[in-house]
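Residue numbers (our numbering), protein chains in the order written: chain A, 1 to 323; chain B, 1001 to 1202.
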């Protein structure tokens, strides 16, 4: 007969939280946070540092690219703990906590509209025919903060070409998953769900425009828009729509979520532009995340520094009007 | 220990210490590098949140005393008001020093162009004379009647603070609405009480 003595360091069975209670507590925290009862999850997010980690799922066969070779990426814990992703709460630290249990796979994407090959595609079918590349891009939020992010992805143009767009396709419209059961932030109508975004065809086909599936060489963390998100580095961050379930090629300029929320504040183009001030934020400068507390701000670059690649797209346009 | 010494030696210091907790929490987090990816913003939100909370708490003192009969709470009203001013000052200082790093041109442009900052600064300016006239000597010098009249502008400051908060928020208005509702209740209480106490009433 084996008699097992409890070491002092071991918890008594009465001290162990039953799993159901533990899960209920998490559920409560989630719904409380999602309902706005808890203003910000700051303290909770702190207690759960692990949430802010990368996924640990290393992406195989990623080729290096010259993009951003001279940039120093922002600390990964900042990239994964400071997110505007209202589907998982409106506080910056909410998504890392509230997206923890989100299962991004299996994932499918509807491709429709002005394409020769419409249909519902598996994530794998959509992505795996293409070579994954790492691209280090500056990322500039409309809220006047910035970071440098090493994304892994494929040029959006490669996916679109494979779908054989028709001559009528003038714009590309994107849609985020709309499922309040999986995205607790959607239980409140903070924004008009689902989140929608769009690009003009030439913007979508620009070589800089990336469909990202990874971060820091690993699969995209949930709070960063798993399993696939757009990255348009010369535009404010809200254009880079996350967790995409639909890509539609359309004739006319599609509606975009923040433009619907505040038409006077957020335009369709949303190009990074220090000369065009936003009602809330002067866009002349930006705070680079990871710089010291008293290091101040740096000057914002037009098109976020990607003017050489994209300025020609807007030749002759009044960018103060088309903000 | 008499009731008076208990209030002076225990309760008052305890309330004072409690009011310092949010600042201690901020300093502790900052010292341990725990303010997240955007520490300047975290600190600013924290200080602004507590400035409004202290302001609402100070406005809650009189109604609480009148409704519950616990007149002792009146003795903490000035302290709460001064803490509101202290947190507001730190909030503004953090904006001027850390966020803008004494770039007065940019600060002025912000005040002129961004309505929520205009309102915020005006609110802070309202708090200034109230803090300066909070001493017993100043009450005497002004006379109780004039002092009370002056200090009624705290209601405007409360409204300004809530407007500043509401305008700052992008889409999720739940917190500003909650604060606005509390402020509304506190002001409505005073209004109703004034009407029902006025000689013309009834």
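Each residue gets a CB set at the ideal place from its N, CA and C atoms; glycine is no exception.
Check: Can you pull out the residues from the stretch 1036-1055 of chain B whose beta carbon lies closer than 9 Å to at least one beta carbon of chain A?; Outcome: 1036, 1037, 1038, 1039, 1040, 1041, 1042, 1043, 1045, 1046, 1049
Check: Under a three-way DSSP split, which group does residue 299 (chain A) fall into?; Outcome: strand
Check: Is there a C-beta anywhere in chain A that falls below 9 Å from the one on residue 1101 (chain B)?; Outcome: yes
Check: Quick one: any contact between the stretch 1053-1062 of chain B and the stretch 1076-1091 of chain B, if contact means 3 or more CB pairs under 8 Å?; Outcome: yes
Check: Does DSSP put residue 112 (chain A) in a helix, in a strand, or in coil?; Outcome: strand
Check: For a contact meaning CB atoms closer than 9 Å, what does residue 1113 (chain B) contact in chain A?; Outcome: 277, 279, 282
Check: Entirely within the stretch 57-122 of chain A and at least 3 residues each: give me those beta strand (DSSP E) ranges in chain order.; Outcome: 108-113, 119-122
Check: Answer with buried or exposed for residue 173 (chain A), where buried requires no fewer than 16 other C-beta atoms within 10 angstroms of its C-beta.; Outcome: buried
Check: Identify the contact partners of residue 287 (chain A) in chain B, using a Cβ-Cβ distance below 9 Å as the criterion.; Outcome: 1038, 1040, 1041, 1099
Check: Could you check if residue 321 (chain A) belongs to the surroundings of the ligand ADP, using beta carbon to heavy atom distance under 8 Å?; Outcome: In the structure shown, the ligand ADP is absent, as is every other ligand, since no ligand is present at all.
Check: Which of helix, strand or coil does DSSP assign to residue 983 (chain B)?; Outcome: Here chain B covers residues 1001 to 1202 and nothing more, so residue 983 (chain B) does not appear.
Check: How close, in whole Å, do the beta carbons of residue 214 (chain A) and residue 152 (chain A) come, if the pair is a contact with beta carbons under 8 Å?; Outcome: 3 Å
Check: Please work out which residues of its chain come closer than 7 Å, Cβ to Cβ, to residue 190 (chain A), disregarding the five sequence neighbours upstream and downstream, and give them in chain order.; Outcome: 86, 90
Check: Looking only at C-alpha atoms, which of A:84, A:131, A:117, A:120 sits nearest to residue 59 (chain A)?; Outcome: A:131
Check: What whole-angstrom Cβ distance do residue 343 (chain A) and residue 229 (chain A) have, given they're in contact under 8 Å?; Outcome: Nothing in the structure corresponds to residue 343 (chain A), since chain A is present only between 1 and 323.
Check: Does DSSP classify residue 174 (chain A) as helix, strand or coil?; Outcome: strand
Check: What are the boundary residues of the alpha helix (DSSP H) that residue 1020 (chain B) is part of?; Outcome: 1012-1031
Check: To the nearest angstrom, how far is the alpha carbon of residue 325 (chain A) from that of residue 1026 (chain B)?; Outcome: This structure cannot speak to residue 325 (chain A), because chain A is shown only from 1 to 323.
Check: Quick one: is residue 354 (chain A) buried, meaning 16 or more other Cβ sit within 10 Å of its Cβ, or exposed?; Outcome: Past the edges of chain A, shown from 1 to 323, lies residue 354 (chain A), and the structure says nothing about it.
Check: Nearest chain B C-beta to residue 324 (chain A) closer than 9 Å, yes or no?; Outcome: Residue numbering for chain A in the displayed model covers 1 to 323; residue 324 (chain A) lies beyond these limits and cannot be assessed.
Check: Have a look at A:193, A:300, A:309, A:289 and flag the residue whose alpha-carbon is nearest the alpha-carbon of residue 232 (chain A).; Outcome: A:309
Check: Could you tell me whether the Cβ of residue 1168 (chain B) comes closer than 9 Å to any Cβ of chain A?; Outcome: yes
Check: Is there a C-beta anywhere in chain B that falls below 9 Å from the one on residue 220 (chain A)?; Outcome: no
Check: Of all the beta strand (DSSP E) runs that stay within the bounds of the stretch 217-291 of chain A, which reach a length of 3 or more residues?; Outcome: 229-231, 244-250, 285-288
Check: Could you give the first and the last residue of the continuous alpha helix (DSSP H) run that contains residue 198 (chain A)?; Outcome: Note, residue 198 (chain A): premise wrong, no alpha helix (DSSP H); beta strand (DSSP E) at 196-200.
Check: To the nearest angstrom, how far is the alpha carbon of residue 199 (chain A) from that of residue 273 (chain A)?; Outcome: 17 Å
Check: Please give the ranges of any beta strand (DSSP E) in the stretch 1046-1120 of chain B, keeping only runs that are unbroken, at least 3 residues long and fully inside the region.; Outcome: none
Check: Please name the residue or residues paired with residue 149 (chain A) in a DSSP beta bridge.; Outcome: A:137
Check: In whole angstroms, give me the CA-to-CA distance for residue 270 (chain A) and residue 127 (chain A).; Outcome: 27 Å
Check: Provide the residue span of the alpha helix (DSSP H) that contains residue 163 (chain A), from first to last.; Outcome: Where residue 163 (chain A) is concerned, there is no enclosing alpha helix (DSSP H), given that its DSSP letter is neither H nor E.
Check: Identify whether residue 155 (chain A) lies in helix, strand or coil by the three-state DSSP scheme.; Outcome: strand
Check: Among the residues of its own chain, which have a CB less than 7 Å from the CB of residue 1155 (chain B), if the five just before and after it don't count?; Outcome: 1187
Check: So residue 1171 (chain B) contacts chain A; which residues on that side make the cut at Cβ distance below 9 Å?; Outcome: 86, 90, 190, 191, 258, 261, 262
Check: The beta strand (DSSP E) spanning residue 183 (chain A) covers which residue range?; Outcome: Per DSSP, residue 183 (chain A) belongs to no beta strand (DSSP E) and is neither H nor E.
Check: Name the chain B residues that come within less than 9 Å of residue 203 (chain A), Cβ to Cβ?; Outcome: What residue 203 (chain A) touches in chain B: nothing, since even the nearest Cβ is about 24 Å away.
Check: Tell me where the alpha helix (DSSP H) around residue 212 (chain A) begins and ends.; Outcome: Not the alpha helix (DSSP H): residue 212 (chain A) falls in the beta strand (DSSP E), residues 210-215.
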